[in-house]
Structure formats: structure tokens, C-alpha cells
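Protein chains in written order, with my numbering: chain V, 3 to 533; chain D, 2 to 458.
Even glycine gets a Cβ: it sits at the ideal position worked out from N, Cα and C.
Please read these numbers as outputs of a predicted model, since none were measured by experiment.
Report on the structure given below.
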């Protein structure tokens with residue numbers, strides 16, 4: 003029997019970037035397939051290719067053994083593919099049956115009138131067949147998000163979908179609704195439907211899917227059967243472990259403590275606790291690495307340290323002085339350099355040229371201003387030296403930041419921040435999206451800074467990177483450090499366990515700085531990853 | 002699927018906005034010129050149409066060949082609009098040589114009016130309007146550059162104007178009644194106007210920064226509050242004795258900003274325009290060449306980057322609104338000290354016109370002068386058209402509105418394009434960092450449909 007979906011060597015290029023690189027994926031009829039990967043791994047792009055939103059640069063889409071070429075979602079729908087987007091596309095004041103039939107209404111009176119009874123019956127019948135428990139006459143705005151999602155699924159089924167694609171279906175659901183969704187999956191597959199869902203959560207994939215395909219950097223890292231794989235292995239596949247890099251030996255012993263974080267709690271933008279009691283310290287002449295799957299509170303922790311976010315509890319101190327009352331500008335002035343996670347939203351003013359960007363963060367620095375006037379001559383010289391030393395291409399300081407490629411934008415930020423002569427460098431994903439040559443260059447600079455006695459706090463989701471560069475390595479999961487380990491002695495298995503939220507009660511692991519959060523070791527949060 | 006058709010429309014709109022967002026300075030000048038021409042063309046037919054339905058004894062203009070008569074002559078209207086604003090430096094004549102009998106139309110020829118001097122009343126009126134609009138235009142522009150939409154320039158102008166009038170009248174006895182005393186009083190008056198307007202601008206700034214109150218709403222409300230408080234204060238306390246309107250007493254003549262060359266009846270002073278031009282250049286230097294200006298600009302264009310760069314968002318908001326209010330307040334001072342000589346209840350809507358001036362100028366201080374000048378010409382010219390023709394003032398208002406609408410619209414699209422579309426462009430380009438296309442990963446059906454439209458096209 004032909005597989006329901008066969009994506010054969012799909013490559014999708016956007017200007018300057020390869021979103022999918024020769025991805026081959028096979029999904030059997032009546033199965034649930036999870037597409038797992040971090041943000042930016044190319045999951046949604048791949049599904050948009052399948053749904054006809056993008057045309058693949060290379061490769062072909064085979065549905066039921068028949069090669070297809072989709073020009074638009076309409077073609078995909080005709081081929082029996084339905085997609086449920088993360089944000090629902092429903093008309094809220096309208097009734098459920100109206101939403102379901104919208105665009106494909108059964109009509110009477112020669113197309114002049116919608117056959118309401120037929121539509122209602124069709125929706126009721128579909129709902130009953132799959133055990134959806136949906137009342138066609140409710141208004142969409144009155145029902146819960148879980149039911150709205152079912153309405154979306156009904157819409158796809160009503161249009162004859164045999165293959166359902168769900169983009170991050172659980173992102174908006176409560177835990178109970180997630181369980182209900184899994185039941186819906188079961189009901190659908192029992193009746194021969196095929197489900198592909200996108201997720202970046204391990205627990206969901208292992209719970210709901212029969213098979214899991216992990217994407218990383220646009221490539222298929224592997225397709226595994228849920229029964230044959232552990233959460234740790236999946237975490238490793240997601241984060242990646244490519245070439246093991248050479249460790250540069252630590253020179254001398256760490257000096258004074260530069261940064262100390264004590265029992266820090268912080269919330270994310272939605273007000274949900276994202277950092278739950280993290281303690282750490284970073285000393286002169288060491289690189290302190292934080293590893294972990296993205297979205298486990300690293301961003302909020304870093305923002306609390308750099309002054310972009312106010313922690314709800316706990317404290318941050320710099321060179322022995324508390325930073326509680328210290329604003330972002332003062333932190334920069336005291337010698338904190340920061341390579342931000344989102345270089346295009348924060349690190350650069352996209353509409354400005356590099357000269358203007360060269361003084362971002364130092365616009366009040368005596369090096370560039372006499373207190374009132376900004377000296378664009380000095381700024382120009384500074385921009386040119388950064389462009390020159392950090393090999394920003396093209397070397398044109400008058401071009402706007404947005405005209406540079408991501409890697410060159412990053413090199414410019416790295417250069418600007420390193421040239422501040424800081425005491426502490428906070429580097430978040432410093433080599434994300436940067437080519438290999440520049441990556442090595444940035445790594446060398448980071449180790450140079452360490453040799454020069456600076457403190458470096460490095461956050462990266464690239465395991466090989468943090469392991470090769472760090473002197474001490476913390477692993478973050480669900481807002482806590484699950485362990486602070488010696489990167490030279492820790493094993494892959496141990497790191498995988500830590501990233502999946504397990505804790506190690508092992509002598510090889512150095513638990514420096516996690517005393518506070520250790521109290522509740524192996525508590526509720528582990529439930530999320532064990533299948 | 003209807004979403005894909007919708008997506009196609011959306012993507013087309015996005016593409017157009019993106020194009021507008023990306024146009025260069027030269028393009029903008031050319032587009033403004035073309036828009037001016039187009040607006041005149043459209044206005045031409047509106048004048049013709051209205052002239053056809055209106056009733057009159059003799060046709061002001063007869064269309065060649067067809068022989069149709071029209072009550073208003075569109076050529077005359079536009080000629081007077083621009084020529085009148087300058088005090089009529091040109092006149093039209095019809096040389097017989099160029100107009101032989103067999104030609105269906107007569108070709109007019111521009112002649113330079115002998116004895117024309119730029120220092121005439123009509124031109125003074127044009128320049129007076131220009132001067133006042135420079136200040137209100139700068140007021141709106143500086144707020145806009147900080148990402149704030151200050152609709153409250155009108156209120157800030159009212160407060161500044163009242164304070165100027167009251168302070169100058171109160172302090173007049175203290176200073177000698179000569180030129181030196183006048184200069185001192187004018188300086189103090191302008192400072193009072195800046196202070197009053199600045200305070201009135203700081204209120205919505207602080208409300209925005211510390212109470213998260215939308216500045217558009219608060220500034221609109223403060224406009225009403227300013228107008229009514231000022232009215233009641235003048236009515237009950239400061240009304241000049243024997244005045245038939247609600248107005249303060251006149252400031253002494255020596256404390257008014259008077260003209261050097263223009264006739265005094267024109268209510269225009271070169272010195273005031275000079276102060277306006279200094280403000281234009283000063284604000285440009287402030288924005289482009291100071292640390293605080295940099296803070297302000299970055300907050301306006303990319304607030305997240307400003308936060309990253311250590312800019313105190315709250316303080317910057319208050320500062321920008323205070324500066325904006327102060328400029329509006331100085332506009333009020335000029336209105337009192339140059340145009341009216343006192344505060345009267347009928348304050349012209351200079352603050353609201355300032356919004357249009359600022360948008361026309363692309364919120365660039367250097368562009369405010371030409372934009373204000375266009376408004377000044379239209380204002381002065383409209384009055385002349387009213388004097389010299391039978392065209393009703395409402396129709397002239399329509400023609401003015403058309404010109405402003407046409408010239409400002411590309412700039413308006415550009416602002417919208419910069420404000421709303423770049424986010425998507427950046428997202429798409431953030432795919433350029435090789436991590437696998439954040440844009441592609443961006444959730445959201447609307448976005449997906451958008452791309453659908455692009456690929457489908």
C-alpha cells in the first residue's frame with residue numbers, strides 16, 4: 003500500500019536561506035506523525051510546502067503514490083489535505099455550522115439560498131462520527147478554544163480531508179484539552195485519517211505520535227518510532243551534536259566573581275513563571291555556559307540579568323553590588339556587554355546604517371559624546387573599525403542594517419559589544435545563523451575574552467558549542483537548572499537526561515549554584531517528559 | 002479557498018506599501034510634484050462641474066469648440082490661487098501675434114507686474130501662516146519621531162498663547178516702553194509660551210509613560226480642556242474692558258514682533274520667520290546630532306532596540322512630549338505677539354494643520370518649512386480667489402483640500418508602510434540568517450495566507 007504522504011527530497015530556498023534542505027518524509031496511512039524541532043528548524047515551511055502555500059525549490063510531493071504539484075492550498079484541499087493553523091481562522095460571531103460550511107455551502111433554490119438543514123445535518127453527522135461532541139448551533143465565540151480547534155478540524159473534514167496537518171495544536175490548549183485532542187487523534191486515525199502535527203515539545207510527540215521526525219536547521223535528522231526512542235535521545239536530536247569542536251584549554255584559574263544570580267524568579271510576557279529559582283555565579287576568566295532546549299526560561303533569565311526584564315523574586319549582583327535598582331543603561335556603563343537573542347528586534351536598528359548602529363548602547367558614552375553632541379566622526383571611525391576587524395561584509399557602513407545578511411548583522415553586533423571592553427559578556431546564541439567561518443571567529447573571540455580575564459555568560463542551544471567553550475555548564479529545563487556540570491567529564495547521556503528534566507544524583511556532577519532549586523528535585527515537572 | 006484570494010489582495014497591498022516605504026528622497030519630491038499636478042487636474046474638472054451647475058449671468062469661461070459656458074474659470078482660479086498668495090507678481094496678457102484668428106483658443110502669456118514688491122499684504126499673510134505652521138508642524142514632527150502621535154498641539158498652542166499674553170501684559174509696566182524693553186518682553190513671552198505648552202504636553206507624556214494611557218486619546222481630551230479653561234479664564238478674569246469678544250487686552254505695541262520691511266497691516270514679522278527657521282535647523286541638529294535626539298529617534302523607530310540600548314523609554318516619552326508641547330506653545334506665542342496682539346477666543350486650528358504639515362514633511366524638521374510654505378500659499382491664495390472671483394469659499398476649500406490630500410497621500414502611505422509592513426519584511430529577511438527562516442516558521446493563518454497569495458500569483 004502506498005504511504006499517504008511521501009515528501010521526496012524537498013528543498014525550499016528563500017533568498018539567502020535554505021529553510022528545508024533535501025527533506026524526505028514518509029507518513030503511513032492511518033498513523034500520527036509528529037514533526038519535532040526547535041523554532042526555525044523548518045517544520046512549518048515543510049508543511050506549507052505540503053499544503054501548497056509554498057512551491058518547493060526542489061523535490062516532489064507524492065500523495066497516495068501519485069506525484070502532485072500544488073499551486074495553492076486549493077489544490078492541496080482537492081487532494082485531500084487539510085491544515086489547521088495555530089491561530090484559528092474562524093468567524094467568531096457566526097455559528098459553528100456556518101463556519102464549517104463557509105465557502106462550500108450546500109445550496110437550494112438553484113444556488114440562491116443556503117440549505118441550512120442540510121448543512122446542519124452534515125456538521126452534526128461529522129461531529130457524531132468522530133465523537134467530537136460539538137453543537138452545530140453554538141456560536142464560535144461562545145465555545146472554548148478546544149472546541150474551536152475541533153471546528154477547524156471539522157472544516158477540514160467537511161472538505162474531504164484525508165490527511166490533516168496541525169501546526170502546534172497544543173500551544174493554545176489547557177492540559178485537559180490536550181488530552182481530549184489526543185482522543186480526537188485516535189478517533190480520526192481509527193477511521194483511516196492520517197495526521198501530521200508540528201511540535202517543539204518532546205512530551206507531546208512521545209505521547210501522541212506513532213512516529214516522530216526531527217528537523218534541525220532544515221534537515222531531517224531522523225525519523226524514529228515512538229516506541230524505540232527516549233526523550234533524552236530526542237532532545238539530543240533536536241539540539242544537535244555535529245562536529246565535536248576542539249576545546250581550548252583554560253588558562254589559569256577563575257578570578258573574582260563578576261556576576262552573581264541568587265534565587266531568581268521571572269515571568270514571561272504572558273505573566274507565566276518562566277524562571278523558577280535560578281542561582282549562578284560567573285567569575286573572571288571563565289565561560290559559564292547554559293545549555294538546554296529553547297524556551298525553557300533561558301531568555302527570561304538573561305533578560306533579567308541584562309536589565310530588560312524585572313525579576314519577580316531574587317537578585318542579580320555585579321561585582322558585588324546589587325543591580326536591583328540599576329537600569330539597563332547603567333548596566334551597560336558598568337561594563338556589561340550583551341549579544342541579544344533577537345538581533346533584528348533588539349540588537350540593531352534595522353532602518354539605520356551601521357554608523358548609527360555602532361553607537362547603539364553607547365550613545366551616552368564619553369567616547370562618542372561630550373554630553374550633548376554625538377560625534378558622528380568618532381562613530382564612523384568606530385563603525386569602520388568594527389566592520390574591518392570583524393569582517394562584516396559588504397564593508398559598507400552607510401548601508402542600512404536590514405540590508406545585511408543575518409550572519410553579518412551578527413558579526414557587527416558581536417564586534418560592537420566586544421569592543422566595549424566589558425567585564426562581563428552575555429552572549430545568547432552568538433553563532434545562530436552564522437556561517438562556519440564566522441562561527442569559528444566568534445568562538446575564538448570568546449575564548450580570547452576569557453583569557454583576558456573577562457567573565458562570559460554563554461547561552462546556546464547548540465550543545466557542541468556550549469560544551470566546547472564552557473568551563474562550567476548549566477543545563478536549564480523548565481525554568482530551573484537541572485544541573486551544573488563539568489563539560490569535560492559529562493557524558494552525552496547525562497546531558498540528554500538533564501535537558502529532558504531529569505536530575506543526576508551522581509558524583510561526576512558538580513551541583514554548584516543549584517542548591518536552592520535542588521530541594522524539589524524530580525518533582526512534578528518531570529511528568530511532562532516521561533512517556 | 003477564499004483565503005488565498007484575500008491573501009493575494011493583501012500581498013498586493015503589502016507590496017505597494019512596501020514600495021512606498023522604500024522610496025528615496027528624490028522620488029518623494031518628484032511624487033509630490035506629480036501629485037500637485039494631478040490634484041490641479043482633478044480640481045480643474047471639479048471647478049468646471051460646479052461652474053456648470055451654478056447659475057450666473059455671464060459665463061466666466063467658454064469652452065473652445067463646444068461653446069459650453071461655465072460660471073467659474075478654472076484657469077483663473079488656479080492662477081489667482083498661486084499668484085495671489087505672492088501678491089500678484091504676474092499678470093496675464095494675450096499677445097495678438099500668438100493668437101491668430103483661426104486658433105480656437107487664446108494663448109495667455111505671463112507678464113511680470115511692474116512695480117511688484119514682495120513686501121505686500123497678501124504675501125505677508127501667506128508668510129504669517131507659514132511661520133505659525135512651522136512651529137506646530139515641528140511640534141507634531143518631534144513627537145512623531147519619538148513614536149508618539151501628538152494630536153494635542155492645538156491645546157498646547159492655546160495654553161502657550163494665553164500664558165504669553167498674560168505674562169507680557171502683566172510684566173509690561175516693569176519694563177521700559179522702548180525697543181529694549183520690547184525685546185525683553187518678547188523673550189519672556191516666548192519663554193512663557195514654551196513653558197505653558199511644554200507643561201501641557203508633558204501631561205499626556207507622563208500619562209503615557211507612567212499610566213500607559215494612549216496619548217492620542219489624552220491629547221485630544223486635553224485640547225478641549227485647554228480651550229475651555231482658557232475661554233472661562235479670559236471670560237471671567239482677564240477679559241479686556243469694553244471688549245465685544247472674549248479676549249485679553251492687547252499687549253503693548255513695542256512688545257509685539259513687528260515687521261522690518263513688510264507693511265504692519267500684514268501681521269507678519271520677518272523676525273518670527275527667522276526664529277521659526279532657527280527652530281527648524283535646531284530641531285534637525287537635536288534629532289540627528291545629539292545623544293538625546295538619538296535616544297528619541299531610536300525609541301520611535303524601534304522601541305525594543307532602544308530598550309536594549311539603554312534608553313529609558315518612560316523618560317524619553319515625557320521628554321519628547323514636553324519638547325513637542327513647547328514648540329506648540331511657541332507657536333501660540335507667535336500667534337499672540339505677531340498676528341493678533343492679544344489672546345482671542347477664536348484660535349485658528351493651527352495645531353491640527355500642523356499634523357498635516359508634519360506628515361507632508363515626512364516628519365523631518367527640514368521638510369517642515371516647505372510643507373508649511375505650501376499650506377501658507379494655499380491659505381493666502383484662497384483668500385485672494387475669494388476676493389477676486391465669484392467662486393464660493395467652500396469650493397476653494399475643496400481645492401485646497403485636494404492639493405493637500407494629493408500631496409500628503411504618498412507620504413501617508415509611506416508612513417503606514419514603514420510602520421506596519423517592515424515587520425513582515427524583517428521577519429522574512431530574518432530567514433536570511435540561515436537558521437531556517439523564522440518567517441516561514443511564523444505561526445498564524447493570516448501570514449500563511451499571505452504567502453499563499455504570493456506564491457499563487
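One alpha carbon belongs to residue 498 of chain V, the other to residue 257 of chain V, and they sit about 31 Å apart. With a threshold of 16 other beta carbon atoms within 10 Å, residue 396 of chain V falls short and is exposed. Between the region 106-123 of chain D and the region 182-191 of chain D, the count of C-beta pairs closer than 8 Å stays below three; the two stretches do not touch. Excluding the 5 residues flanking it on each side, residue 6 of chain D has no same chain C-beta neighbour closer than 6 Å.
Taking one beta carbon from each stretch, the region 355-375 of chain D and the region 133-143 of chain D have 3 or more pairs nearer than 8 Å; the two touch.
Distance from the CA atom of residue 496 of chain V to the CA atom of residue 479 of chain V, rounded to whole angstroms, is 14 Å. Here residue 116 of chain V carries a strand assignment [DSSP, helix/strand/coil]. Within the region 276-302 of chain D, the residues whose Cβ lies closer than 9 Å to some Cβ of chain V are 286, 289, 290, 291, 292, 293, 294, 295, 296, 298, 299 and 302, listed in chain order.
Under the three-state reduction of DSSP output, residue 24 of chain D falls in the coil class, being neither helix nor strand.
DSSP places residue 129 of chain D outside any beta strand (DSSP E); the residue lies instead in the alpha helix (DSSP H), whose first and last residues are 122-146. When only Cα atoms are considered, residue 44 of chain D and residue 365 of chain D end up about 28 Å apart. If you draw a straight line from the Cα of residue 142 of chain V to the Cα of residue 171 of chain V, it is about 18 Å long. Excluding the 5 residues flanking it on each side, residue 66 of chain V has same chain C-beta neighbours closer than 7 Å at 4 and 6, in chain order. Annotation: the continuous alpha helix (DSSP H) that includes residue 177 of chain V extends over 177-192. For the 8 Å CB-CB criterion, residue 34 of chain V and residue 187 of chain V form a contact.
The alpha-carbon of residue 197 of chain D is positioned some 24 Å away from that of residue 271 of chain D. The Cβ-Cβ distance between residue 165 of chain D and residue 194 of chain D falls below 8 Å. Contact check between the region 68-79 of chain D and the region 389-399 of chain D: three or more CB pairs, one atom from each, fall below 8 Å, which counts as touching. Its Cα nearest to that of residue 330 of chain V, the residue V:311 stands out among V:322, V:311 and V:46. Residue state for residue 456 of chain V is assigned as coil, using DSSP reduced to three classes. Remark: three or more beta-carbon pairs, one from each stretch, lie closer than 8 Å, so the region 132-151 of chain V and the region 188-203 of chain V are flagged as touching. Within chain D, the residues 309, 310 and 311 have their CB atoms less than 8 Å from the CB of residue 363 of chain V, given in chain order. Annotation: the region 336-382 of chain D contains the following complete segments of the alpha helix (DSSP H) (minimum length 4 residues), in chain order: 351-361. Inter-residue distance for residue 485 of chain V and residue 412 of chain D is about 56 Å (C-alpha atoms, whole angstroms).
Bridge partners of residue 319 of chain V according to DSSP: V:262 and V:324. Listed along the chain, the chain D residues whose CB falls inside 8 Å of the CB of residue 168 of chain V amount to none; the nearest CB is some 12 Å away. The Cβ-Cβ distance between residue 310 of chain D and residue 319 of chain D does not fall below 8 Å. Residue state for residue 163 of chain D is assigned as helix, using DSSP reduced to three classes. Within chain D, 306 and 309 have C-beta atoms less than 9 Å from the C-beta of residue 349 of chain V, given in sequence order.
Comparing alpha carbon positions, the residue from D:404, D:362 and D:176 closest to residue 380 of chain D is D:404. Interface with chain D (8 Å Cβ-Cβ cutoff): residue 375 of chain V is included. Annotated three-state conformation of residue 94 of chain V is coil, per DSSP. Taking the beta carbon of residue 342 of chain V as reference, the chain D residues within 7 Å of it are 309, listed in sequence order. With its beta carbon at least 8 Å from every one in chain D, residue 8 of chain V lies outside the interface. When the five nearest sequence neighbours on each side are left out, the beta carbons in the same chain lying within less than 8 Å of the beta carbon of residue 359 of chain V are those of 350, 351, 385, 403, 414 and 418, in order along the chain.
In the structure shown, residue 69 of chain V falls within a strand segment according to DSSP collapsed to helix, strand and coil.
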